[in-house]
Amino acid sequence: MESMASLTEDSATAGEEQGGVRRRDFINVAAASFAGVGAVSIALPLINQMNPSADVLAEASTEIDLAAIQPGQTIKTIFRKQPLFVRHLTPAEVASAEKVDLGELRDPQSLEQRTKAGKKQWLVTMGVCTHLGCVPLGAGEGEVKGEFGGYFCPCHGSSYDTAARIRKGPAPKNLEVPPYEFTSDTAIKVG
Amino acid sequence: MSFPWANEYKPSNPFMRYLDEKLPLPRFVYNAVGAGYPVPRNLNYFWNFGVLAGVALMVQIVSGIILAMHFAAESTVAFASVEHIMRDVNAGWFIRYAHMNGASMFFIVVYIHIFRGLFYGSYKPPREMVWHLGLVIFLLMMATAFMGYVLPWGQMSFWGAKVITGLFGALPVIGTPIQTWLLGGFAPDNAALNRFFSLHYLLPFVILGVIILHIWALHIPGSSNPTGVEVKDEQDTVPFHPYYTAKDGVGVAVFFLVFAGLLFFAPNFLGEPDNYVQANPLATPANIVPEWYFWPFYAILRAFTVDFLFIPAKLLGVLAMFAAILLLFFLPWLDTSAVRSGHYRPLFRKFFWFGLIPTIAILGYCGGSHATDGIVLISQIASAYYFAHFLIILPIIARVETPKPLPTSITEAVLGHAPGATLQPAE
Chain E
1 MESMASLTED
11 SATAGEEQGG
21 VRRRDFINVA
31 AASFAGVGAV
41 SIALPLINQM
51 NPSADVLAEA
61 STEIDLAAIQ
71 PGQTIKTIFR
81 KQPLFVRHLT
91 PAEVASAEKV
101 DLGELRDPQS
111 LEQRTKAGKK
121 QWLVTMGVCT
131 HLGCVPLGAG
141 EGEVKGEFGG
151 YFCPCHGSSY
161 DTAARIRKGP
171 APKNLEVPPY
181 EFTSDTAIKV
191 G
Chain Z
1 MSFPWANEYK
11 PSNPFMRYLD
21 EKLPLPRFVY
31 NAVGAGYPVP
41 RNLNYFWNFG
51 VLAGVALMVQ
61 IVSGIILAMH
71 FAAESTVAFA
81 SVEHIMRDVN
91 AGWFIRYAHM
101 NGASMFFIVV
111 YIHIFRGLFY
121 GSYKPPREMV
131 WHLGLVIFLL
141 MMATAFMGYV
151 LPWGQMSFWG
161 AKVITGLFGA
171 LPVIGTPIQT
181 WLLGGFAPDN
191 AALNRFFSLH
201 YLLPFVILGV
211 IILHIWALHI
221 PGSSNPTGVE
231 VKDEQDTVPF
241 HPYYTAKDGV
251 GVAVFFLVFA
261 GLLFFAPNFL
271 GEPDNYVQAN
281 PLATPANIVP
291 EWYFWPFYAI
301 LRAFTVDFLF
311 IPAKLLGVLA
321 MFAAILLLFF
331 LPWLDTSAVR
341 SGHYRPLFRK
351 FFWFGLIPTI
361 AILGYCGGSH
371 ATDGIVLISQ
381 IASAYYFAHF
391 LIILPIIARV
401 ETPKPLPTSI
411 TEAVLGHAPG
421 ATLQPAE
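Just so you know, the sequences run in chain order E and Z. Residues in the first sequence are numbered from 1 upward in steps of one, following my numbering. Residues in the second sequence are numbered from 1 upward in steps of one, following my numbering.
Shown next as C-alpha cells:
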C-alpha cells in the first residue's frame with residue numbers, strides 16, 4: 001500500500017492532466033522514436049559492412065579437374081579459403097562405407113546421400129573438423145587415417161570413416177559436403 | 001565549478017544511488033551536460049555549434065574506424081583498397097562518402113563556432129583558456145585532415161603531401177632534413193603513407209581529449225551569451241537539460257539534413273576529381289589546390305612572391321600562413337575592449353562584417369583559384385588586411401569606440417524593463 005501511495009504521488013507531480021499524461025509527453029515520445037528510427041537506419045549499413053564484401057563472395061566458387069586423381073588418392077584444395085578434400089575411393093573403401101549400419105551412426109547418412117548419383121567413388125568434403133575446425137589428417141600421402149580408414153583429427157581425436165562420417169571422438173557431425181556439381185565426367189565445380 | 005544554484009544530482013533509483021557512491025559518472029554527466037549545468041537563458045542558435053562539432057567528430061571517429069577495417073596503408077595497394085571500399089564493401093561507398101563529407105561538415109561547423117567566438121568576444125577573459133584550447137583543437141584538426149587526405153593515395157594526396165611537407169623545407173638549414181625526416185624519404189612513399197595513417201588514427205582521440213579540457217575550462221566561468229553580460233543570479237540561467245538539449249537537438253537535426261543532402265546528392269562536390277587518379281610521382285596535376293577548408297591559408301602562403309631583406313619569399317609565405325593562426329592565440333590581449341559582444345560595439349561590428357568576413361571569403365576564393373597575377377595581387381591585399389585587422393584595427397577600435405549601453409542583466413535583456421515581467425516556467 002505504501003508503494004501505491006508513493007506511485008500516485010509521483011504521477012501527480014509528473015503531470016497536471018488526468019491520468020498523468022501530459023501533451024508534452026507526446027512530443028517527447030515522437031522525437032525519441034524519430035531519432036531511434038534514424039539511428040537504426042544508420043546502424044544497419046554500419047553493421048552490414050562487416051559481412052563478406054563482393055570480391056570475397058566472388059571467390060566463393062572453384063573448379064577442380066579430377067582426371068589425375070588415382071583411386072585411393074585424396075587431393076587437398078581450397079574452397080572459400082578453407083581446405084577441401086576430394087577423395088577417389090577404392091572399391092574396397094566404397095564397400096566398407098556401404099556395409100555400415102546407419103543406425104550405429106551419430107549423424108546417419110549413407111555414402112549415396114553424400115555423393116552424386118553414379119559417382120559414389122568421388123567423395124568431396126570440406127577438410128574442416130565439425131568439432132572445432134581443425135584440418136583432419138588422412139588426405140596427404142602417409143598421414144594417419146584413423147581407425148575407420150577415413151580421416152583423423154589430431155586436435156581432439158575425432159575419427160571419420162571412408163565416407164567421412166563421424167564415428168568416434170567429440171565431433172557432432174559428418175564432414176560437410178559442400179554444394180557442387182559435375183561439369184563433365186572428370187571435372188567438378190564447387191560452390 | 002558552475003553556479004551555487006545548480007541543480008544537485010539526486011538519484012532515486014537504488015542502483016543509481018549505489019553507482020553514485022562507487023563511480024559517480026552519471027553525476028559527472030548530469031553536471032556537465034544535464035540539468036546540473038546552468039546556462040544563460042538567452043543563447044541563440046550560434047551556441048549550437050559546439051555540440052555540433054562534437055557530433056561531427058563522433059561521425060568521423062565512427063566512420064573512420066570502419067574505413068580502417070577495409071583500408072590498406074601500403075603505397076602499392078592503398079588506392080586500390082579505397083576503390084575496393086567504394087565498390088565491394090557492403091555500404092562502403094556510404095561510409096567513405098560520410099567520412100569525406102563529414103570532414104567538410106566538421107570544418108563548416110568549427111568555422112561557424114570560431115566566428116561565433118570572434119563576434120561575441122568569447123575569447124575574452126575569463127574564457128581565454130577556452131579559446132586557446134579551441135585553437136589547439138583547430139590546429140590538430142588541420143593536421144588530421146591533411147594526413148587523412150593523403151591516405152587514398154590519389155594524385156592530390158601525393159602532391160598535397162609533397163607540397164605541405166615542402167613547407168617545412170622552406171626553413172633555413174634544417175628545412176630539407178626536416179622534410180626528409182617527416183616523409184621518411186625524399187618524396188612521399190610507403191613510409192610517409194604508413195606514418196600518416198598511424199597519426200591520422202591517433203589524432204582524433206587527442207582531439208577528443210583536448211575537447212574534454214575545452215569543456216572543462218568552459219564550465220568554470222560557464223557559457224558566455226549573446227549580450228556578453230555575465231550571469232548574475234539564478235534568473236539569468238536555465239538548466240542545460242532539457243532546455244539546451246532540446247535546442248541542440250533541433251540543430252543536430254538540421255546538421256544531419258545538410259550532411260545527408262551533401263552525402264547523397266553531391267558527394268564529390270567538395271572534392272577534386274584528380275584524386276580519383278592514382279598517385280604518380282612523375283606528373284603534377286595542372287591545378288593543385290588543397291581542400292576548401294585550407295583555401296584562405298593557402299592564399300596567404302601564395303601571396304608572398306618577393307624576398308624581403310634576407311628572408312626568401314618561400315619562407316615568408318610559410319611563416320605568414322602559420323602566423324595567421326598563431327595570431328589568434330594573442331587575440332584576448334589584442335582586443336582590449338571591456339565590452340564582449342559585437343552587438344554593443346558599433347565600430348567593431350562594422351569592421352567585423354565589412355572587413356574581416358569579406359577578407360576571409362576573398363582569401364578563400366583566391367586560395368581555390370589558379371594562381372594568376374591578378375589572384376596573387378588580390379591575395380596580397382587581403383592578407384595585408386587580415387593581419388592589419390587583428391594587429392592594428394582591433395587594438396585601435398578598443399580605444400576609440402563608444403560602446404552602446406549594456407543591459408544590466410541577461411534577464412533584463414530578455415524581458416525588458418516591463419514592471420510586471422516575471423519568469424514563467426515553460427510548460
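Glycine is no exception: its CB is placed at the ideal position from the N, C-alpha and C atoms.
Exercise. Counting contacts by CB-CB distance shorter than 7 Å, is residue 94/Z in contact with chain E?
Worked result: Closer than 7 Å: yes.
Problem set entry | Cβ neighbours of residue 63/Z in the same chain (closer than 7 Å, five flanking residues each side left out) | Cβ within range, chain order: 95, 98, 99, 102.
For this session: Give the straight-line distance between the Cα atoms of residue 138/E and residue 183/Z, rounded to the nearest whole angstrom.
Result: Distance between the alpha carbons of residue 138/E and residue 183/Z: 52 Å.
Exercise. From this set, 59/Z, 234/Z, 10/Z, which residue's C-alpha is nearest residue 39/Z's C-alpha?
Worked result: Nearest C-alpha to residue 39/Z: 234/Z.
Problem set entry | Limits of the beta strand (DSSP E) - the one that residue 189/E falls within | Here the beta strand (DSSP E) through residue 189/E covers 187 to 190.
Exercise. Mind checking whether residue 49/E and residue 174/Z have CB atoms under 7 Å apart?
Worked result: Not closer than 7 Å, so no.
Problem set entry | Between the CA atoms of residue 73/Z and residue 180/Z - distance to the nearest angstrom | Between residue 180/Z and residue 73/Z, the C-alpha separation is close to 20 Å.
Problem set entry | At least 3 beta-carbon pairs within less than 8 Å: the region 258 to 265 of chain Z vs the region 69 to 87 of chain Z | No: fewer than three Cβ pairs fall under 8 Å.
Exercise. Within this structure, are the beta carbons of residue 406/Z and residue 344/Z separated by less than 7 Å?
Worked result: In contact: residue 406/Z and residue 344/Z (Cβ atoms closer than 7 Å).
For this session: Helix, strand or coil for residue 63/E, going by three-state DSSP, please let me know.
Result: Correct three-state label for residue 63/E: strand.
Exercise. How would you list, in chain order, the residues of chain E whose beta-carbon sits under 8 Å from the beta-carbon of residue 441/Z?
Worked result: Because chain Z spans 1 through 427 in this model, residue 441/Z falls outside it and cannot be assessed.
Exercise. Residues bridged to residue 430/Z by DSSP?
Worked result: For residue 430/Z there is no data in the structure shown, the boundaries of chain Z being 1 and 427.
Problem set entry | Contact set between residue 53/E and chain Z, taken where Cβ atoms lie within less than 8 Å | Residues of chain Z with a Cβ closer than 8 Å to the Cβ of residue 53/E are, in chain order, 70, 84, 88, 89, 90, 92.
Problem set entry | C-alpha gap between residue 306/Z and residue 6/Z, whole angstroms | Approximately 58 Å, taken between the alpha carbons.
Exercise. Leaving out five residues before and five after residue 165/E in sequence, what residues of the same chain have Cβ atoms less than 7 Å from its Cβ?
Worked result: Non-local C-beta neighbours of residue 165/E in its own chain, meaning closer than 7 Å and more than five positions away in sequence, comprise 105, 107, 109, 174, ordered along the chain.
Exercise. Going along the region 52 to 70 of chain Z in order, which residues come within less than 9 Å of chain E, judged by CB to CB distance?
Worked result: Of all residues in the region 52 to 70 of chain Z, the ones placed with a Cβ closer than 9 Å to any Cβ belonging to chain E are 62, 63, 66, 69, 70, in chain order.
Exercise. Going straight from the alpha carbon of residue 114/E to that of residue 47/E, what length do you get?
Worked result: Going by the C-alpha atoms only, they are around 36 Å apart.
Exercise. Taking buried to mean at least 16 other C-beta atoms within 10 Å of its own C-beta, is residue 78/E buried or exposed?
Worked result: Of the residues assessed, residue 78/E falls on the exposed side of the cut-off, its CB having fewer than 16 other CB atoms within 10 angstroms.
Problem set entry | residue 295/Z beta carbon less than 7 Å from that of residue 368/Z | Cβ distance < 7 Å, so residue 368/Z and residue 295/Z count as in contact.
For this session: Inspect the beta-carbon positions of residue 109/Z and residue 52/Z and report whether they are closer than 7 Å.
Result: Residue 109/Z is a Cβ neighbour of residue 52/Z, given a cutoff of 7 Å.
Exercise. Quick one: Cα of residue 249/Z to Cα of residue 45/Z, how far?
Worked result: Going by the C-alpha atoms only, they are around 11 Å apart.
Exercise. Is it true that the region 105 to 120 of chain Z meets the region 199 to 206 of chain Z, where meeting means three or more beta-carbon pairs spaced less than 8 Å apart?
Worked result: Touching, no.
Exercise. Using the beta-carbon count (16 or more within 10 Å), is residue 439/Z buried or exposed?
Worked result: Nothing in the structure corresponds to residue 439/Z, since chain Z is present only between 1 and 427.
Exercise. Nearest-angstrom Cα distance between residue 176/E and residue 89/Z?
Worked result: Distance from the CA of residue 176/E to the CA of residue 89/Z, rounded to the nearest whole angstrom, comes to 28 Å.
Exercise. Is there contact here, the region 12 to 28 of chain Z with the region 54 to 62 of chain Z, by at least three beta-carbon pairs under 8 Å?
Worked result: As far as the Cβ criterion goes, the region 12 to 28 of chain Z does not touch the region 54 to 62 of chain Z, which means the pair count is below three.
For this session: Verify the contact flag: residue 112/Z, CB atom, against every heavy atom of the ligand ZN, threshold strictly below 6 Å.
Result: This structure lacks the ligand ZN; in fact it carries no ligand of any kind.
Exercise. Which of the three DSSP states, helix, strand or coil, is assigned to residue 209/Z?
Worked result: Residue 209/Z carries a helical assignment under DSSP once its states are collapsed to helix, strand and coil.
Exercise. When DSSP builds the beta bridges, which residues end up paired with residue 122/E?
Worked result: Answer is 88/E.
Exercise. Can you give the Cα-Cα distance for residue 347/Z and residue 339/Z, rounded to whole angstroms?
Worked result: Inter-residue distance for residue 347/Z and residue 339/Z is about 12 Å (C-alpha atoms, whole angstroms).
For this session: Would you be able to state if there are at least three C-beta pairs under 8 Å between the region 347 to 359 of chain Z and the region 387 to 398 of chain Z?
Result: The region 387 to 398 of chain Z makes contact with the region 347 to 359 of chain Z: 3 or more CB pairs, one atom from each, lie closer than 8 Å.
For this session: Out of 225/Z, 328/Z, 193/Z, point me to the one whose CA is closest to residue 75/Z's CA.
Result: It is 193/Z.
For this session: Establish whether the CB of residue 109/E and some CB of chain Z are separated by less than 7 Å.
Result: No, its Cβ sits nowhere closer than 7 Å to a Cβ of chain Z.
Problem set entry | Touch test, the region 399 to 415 of chain Z against the region 375 to 384 of chain Z, Cβ-Cβ under 8 Å, three pairs minimum | No, they do not touch.
For this session: Tell me whether residue 127/E is buried or exposed, calling it buried when 16 or more other Cβ atoms sit within 10 Å of its Cβ.
Result: Buried, by the Cβ-count rule.
Problem set entry | For residue 93/E and residue 178/E, the rounded distance between their alpha carbons | Between the alpha carbons of residue 178/E and residue 93/E lies a gap of roughly 21 Å.
Exercise. Going by the beta-carbon positions, is the gap between residue 157/Z and residue 150/Z smaller than 7 Å?
Worked result: Pairing residue 157/Z with residue 150/Z gives a Cβ-Cβ distance under 7 Å.
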